[in-house]
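If you read the sequence shown in the numbering used here, its first letter stands for residue 95, the second for the next number, and so on.
Heads up, the beta-carbon is just placed ideally off N, CA and C, and yes, glycines get one too.
The structure presented is a predicted model; accordingly, all values stated were derived computationally and were not measured.
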Amino acid sequence: MSDNTHDKLPIRMLHDRVLVRTDSPEGERRSGGGILIPATAAVGRRLSWAEVVAVGQNVRTVEIGDRVLYDPEDRAEVEVRGVAYVLMRERDLHAVAADRFQGATDSTGLYL
């Protein structure tokens, strides 16, 4: 990982908990065509991507560094060393996108 802000976090995740850092701050975003969408624009239920920065000992499907898809409505935020993270259970993740799955012959098709 190129960003060292979360290296050696002063916490240890327990059980099936996953700590993630969101890809982009909430607020304005751009569409695929480059159109700026204000933070006040209402959208349907939209999932978000995040990077896994810590996992509990009972987490089986994700590893540190994976990108995961989650529902931003179901989240608990925590601040560690001035950086905001999202804490959730492993079962609240919807998908995993990781390099280790690409080209895997034993892939189950459950991952992006």
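- Across the set Val112, Ala192, Met182 and Pro104, the C-alpha of Val112 shows the shortest separation from the C-alpha of Gln151.
- Residue environment: Ala178 is assigned as exposed (fewer than 16 neighbouring CB atoms within 10 Å of its CB, all protein chains considered).
- Here Leu130 is exposed, its C-beta having fewer than 16 other C-beta atoms within 10 Å.
- By the criterion of a C-beta distance shorter than 8 Å, Asp110 is surrounded in its chain by Gly150, Asn152, Val153, Arg183, Glu184 and Arg185, once the five residues flanking it on both sides are discounted.
- Assigned with DSSP and collapsed to three states, Glu171 falls in strand.
- Beta-bridge partners of Leu141 (DSSP): none assigned.
- Per the coordinates, the alpha-carbon of Asp160 lies some 10 Å from the alpha-carbon of Trp143.
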